[in-house]
Amino acid sequence: MKRQTIWGLALTASFASAAMAEIAPGDVVYDEYGAVAQSLTGQPGDPARGAEIVSNKSKGNCVACHQVSALPDVPFQGNIGPALDGAGDRWSEAQLRGIVADAKKTFEGTIMPSFYKTGPYIRPGDGFTGKAPKGDLPPLLSAQEVEDVVAYLMTLKE
Amino acid sequence: MKIRTLAGSVALVALTGMATWADPAEDKLVINGEIEMITHTEKAPDYIEGLSEQYSGWHFRDADTRDMERDDFDNPGMLAVDAAKEVWNTADGTEGKSCASCHGEPESLRGVRAVMPKFNEAKGEMYTLEMYINDCRTERMGAEAWGWNDADMVNMTALISYVSRGIPMNVAIDGPAAPYWEKGKEMYYTRYGQLELSCANCHEDNYGNYIRADHLSQGQINGFPTYRLKNARLNSIHSRFKGCIRDTRAETFKEGSPEFIALEVYVASRGNGLSVEGPSVRN
């Protein structure tokens, strides 16, 4: 997206010593293995909110594909992807941020959706309505929601 | 894949107490104790590179749902077949004709469903069963075309499937069908929508696995129209395609669109060798 605008904003913000501006989906810097070192918001993630996003059908719905033993009350956990138990041991925070933001940069061609991306998509729809969207689509998760999910994943230790 | 599936399903049972197994059920379908159905083949046709064996969606449903299909008295889709039999014999339109006026008994159409969609030489385009039915209505009966998902239409496709039950699907993919098949194949592997999921992501790479509560099948269409317990009615092939594409957060195509006709040719060919099973029961 508009790289200059965003950097401009970030710059202004830091000059004004306010909270750091969010990194827009198009400006996230991935390393060659798909990890993202810098927080998308500069704010610490909230693991409790992260757990909700992971479980919630209309949010991350990560449990559609992954099992999480730490969430025994969430029914019908899928098994398309590996169980997330121990993800916080296997991966660093930067790697997890990269996987949640755009897993295709870590696992080439993976079925896992890219949660912090705004396209390009083939025939994107307006949510689950089957209709074309009216304007630009926001990413599936907001920057802070990604940080919350990453914070939750970091708590998954074995 | 199998190892992951097994490990996964054990964990799933432990987690949720669900007494389900992730692999397709080992079971055999004989309807009314007499019609032997081919619901599994050891080998998919060579032109389906991504499948080694084929399974009807029946194998992925639970035991109660599978049982409903074994006996026509328990299959709610049979009500639609009965309704269609009546319509079959009822004159409609300016010509004062019914289906029976030209075709006699519905059984005269045995085998038709197994080769649909089929290239219509006279019209010079690919035709689905719905399109043939509507041509009869508009051109031979002088009646109005039915909508793709009208109850009359879906019921009539159920009747025409019913008289072909057991016959293996055998859709042509060569000659004039080839360009449709190619286009359908391309669609099958296209990752649509904001979730960027293709048909193959779910029904080729992950059949047997669970996506949330859903046990993924191969997405075969030999069982259509399907009576779904979830919406308690018969569902057409194109409405199922629409639902699956919608679930990828995509803009769907319309029933009867050139895209869905091409996709139907390709998906039907993935099931060549499986018995016509409609009206089947799914959840």
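So the protein sequences, as listed, match chains A and B.
Using my numbering, the letters of the first sequence map in sequence onto residues 198 to 355.
Using my numbering, the letters of the second sequence map in sequence onto residues 565 to 847.
From the three backbone atoms N, C-alpha and C, an ideal C-beta is built for every residue, glycine too.
Given the structure is predicted, the values throughout are model-derived calculations rather than measurements.
Straight-line Cα distance separating residue j from residue i
{"i": "P272/A", "j": "N773/B", "result": "16 Å"}
{"i": "D345/A", "j": "Q240/A", "result": "10 Å"}
{"i": "F212/A", "j": "T307/A", "result": "Note that F212/A scores 42 on pLDDT, short of 50, meaning its location in the model is unreliable; the coordinates nonetheless yield the value given after this. If I take the Cα positions, the gap works out to 40 Å."}
{"i": "W585/B", "j": "L793/B", "result": "At W585/B the pLDDT is 48, less than 50, meaning the model places this residue with poor confidence; the figure from the coordinates comes in the next sentence. For W585/B and L793/B, the distance between alpha carbons rounds to 20 Å."}
{"i": "I889/B", "j": "P321/A", "result": "Outside the modelled stretch of chain B, which goes from 565 to 847, sits residue 889/B, for which no answer is possible."}
{"i": "Y349/A", "j": "E600/B", "result": "52 Å"}
{"i": "E841/B", "j": "G730/B", "result": "7 Å"}
{"i": "T605/B", "j": "L838/B", "result": "7 Å"}
{"i": "I697/B", "j": "D714/B", "result": "12 Å"}
{"i": "S339/A", "j": "P732/B", "result": "49 Å"}
{"i": "A608/B", "j": "G614/B", "result": "9 Å"}
{"i": "L353/A", "j": "Q235/A", "result": "21 Å"}
{"i": "F325/A", "j": "R625/B", "result": "25 Å"}
{"i": "D778/B", "j": "P310/A", "result": "18 Å"}
{"i": "F683/B", "j": "C700/B", "result": "16 Å"}
{"i": "I296/A", "j": "D610/B", "result": "36 Å"}
{"i": "C663/B", "j": "M632/B", "result": "30 Å"}
{"i": "D687/B", "j": "S762/B", "result": "The amino acid at residue 687/B is misidentified as Asp; the sequence shows Lys. If I take the Cα positions, the gap works out to 31 Å."}
{"i": "R246/A", "j": "A267/A", "result": "14 Å"}
{"i": "M751/B", "j": "L723/B", "result": "29 Å"}
{"i": "K331/A", "j": "I809/B", "result": "18 Å"}
{"i": "Y230/A", "j": "S803/B", "result": "40 Å"}
{"i": "A248/A", "j": "F805/B", "result": "32 Å"}
{"i": "D587/B", "j": "D738/B", "result": "33 Å"}
{"i": "Y791/B", "j": "T702/B", "result": "28 Å"}
{"i": "E746/B", "j": "N799/B", "result": "26 Å"}
{"i": "K254/A", "j": "A261/A", "result": "8 Å"}
{"i": "E650/B", "j": "D769/B", "result": "43 Å"}
{"i": "C259/A", "j": "V265/A", "result": "9 Å"}
C-beta contact flag for residue i and residue j at 8 Å
{"i": "S833/B", "j": "G787/B", "result": "no"}
{"i": "R677/B", "j": "S725/B", "result": "yes"}
{"i": "P670/B", "j": "T721/B", "result": "no"}
{"i": "W712/B", "j": "G820/B", "result": "yes"}
{"i": "E659/B", "j": "M717/B", "result": "no"}
{"i": "H263/A", "j": "G278/A", "result": "yes"}
{"i": "L337/A", "j": "F312/A", "result": "yes"}
{"i": "Q784/B", "j": "G835/B", "result": "yes"}
{"i": "I801/B", "j": "M690/B", "result": "no"}
{"i": "R797/B", "j": "V727/B", "result": "no"}
{"i": "A589/B", "j": "H623/B", "result": "yes"}
Local Cβ density within 10 Å of residue i, reported as buried at 16 or more and exposed below that
{"i": "S252/A", "result": "buried"}
{"i": "Q782/B", "result": "buried"}
{"i": "E355/A", "result": "exposed"}
{"i": "P743/B", "result": "exposed"}
{"i": "Y318/A", "result": "buried"}
{"i": "V831/B", "result": "buried"}
{"i": "G223/A", "result": "exposed"}
{"i": "D638/B", "result": "exposed"}
{"i": "Y753/B", "result": "exposed"}
{"i": "K749/B", "result": "buried"}
{"i": "Q201/A", "result": "With a pLDDT of only 45 at Q201/A, under the threshold of 50, the placement of this residue in the model should not be trusted; the figure read from the coordinates follows. When all chains shown are included, Q201/A counts as exposed."}
{"i": "K314/A", "result": "buried"}
{"i": "E828/B", "result": "buried"}
{"i": "D811/B", "result": "buried"}
{"i": "N653/B", "result": "exposed"}
{"i": "H767/B", "result": "buried"}
{"i": "G327/A", "result": "buried"}
{"i": "V357/A", "result": "Since the displayed chain A opens at 198 and closes at 355, residue 357/A lies outside it and no answer follows."}
Neighbour list for residue i in chain A, Cβ cutoff strictly below 7 Å
{"i": "N713/B", "result": "The premise fails here: N713/B is roughly 14 Å from chain A at the closest Cβ pair, so nothing lies under 7 Å."}
{"i": "G757/B", "result": "Y318, R320, P321, G322"}
{"i": "Y774/B", "result": "G275, N276"}
{"i": "K806/B", "result": "G327"}
Beta-bridge pairing of residue i - partner residues as DSSP gives them
{"i": "T790/B", "result": "N799/B, S844/B"}
{"i": "L838/B", "result": "N836/B"}
{"i": "P321/A", "result": "A814/B"}
{"i": "V594/B", "result": "E600/B"}
{"i": "P732/B", "result": "S839/B"}
{"i": "T605/B", "result": "Q618/B"}
{"i": "H263/A", "result": "In DSSP, H263/A forms no bridge with anything."}
{"i": "F683/B", "result": "M690/B"}
{"i": "D656/B", "result": "K661/B"}
{"i": "H779/B", "result": "Y774/B"}
{"i": "Y756/B", "result": "I319/A, L761/B"}
Cross-chain neighbours of residue i in chain A, by beta carbon under 8 Å
{"i": "N770/B", "result": "I277, I308"}
Where residue i meets chain B, residues with beta-carbon distance less than 8 Å
{"i": "L338/A", "result": "The contacting residues do not exist; L338/A stays about 12 Å from chain B at best."}
{"i": "S311/A", "result": "E760"}
Interface residues of chain B facing residue i [CB-CB closer than 7 Å]
{"i": "C262/A", "result": "I775"}
{"i": "F325/A", "result": "R810, D811, R813"}
{"i": "K361/A", "result": "Residue coverage of chain A in this structure runs from 198 to 355, which leaves residue 361/A outside it and unanswerable."}
Where residue i meets chain B, residues with beta-carbon distance less than 9 Å
{"i": "L334/A", "result": "Q758, R813"}
{"i": "I331/A", "result": "Correcting the residue type first, residue 331/A is Lys in the shown sequence and not Ile. By Cβ distance, chain B contributes nothing, its closest Cβ being about 12 Å from K331/A, past 9 Å."}
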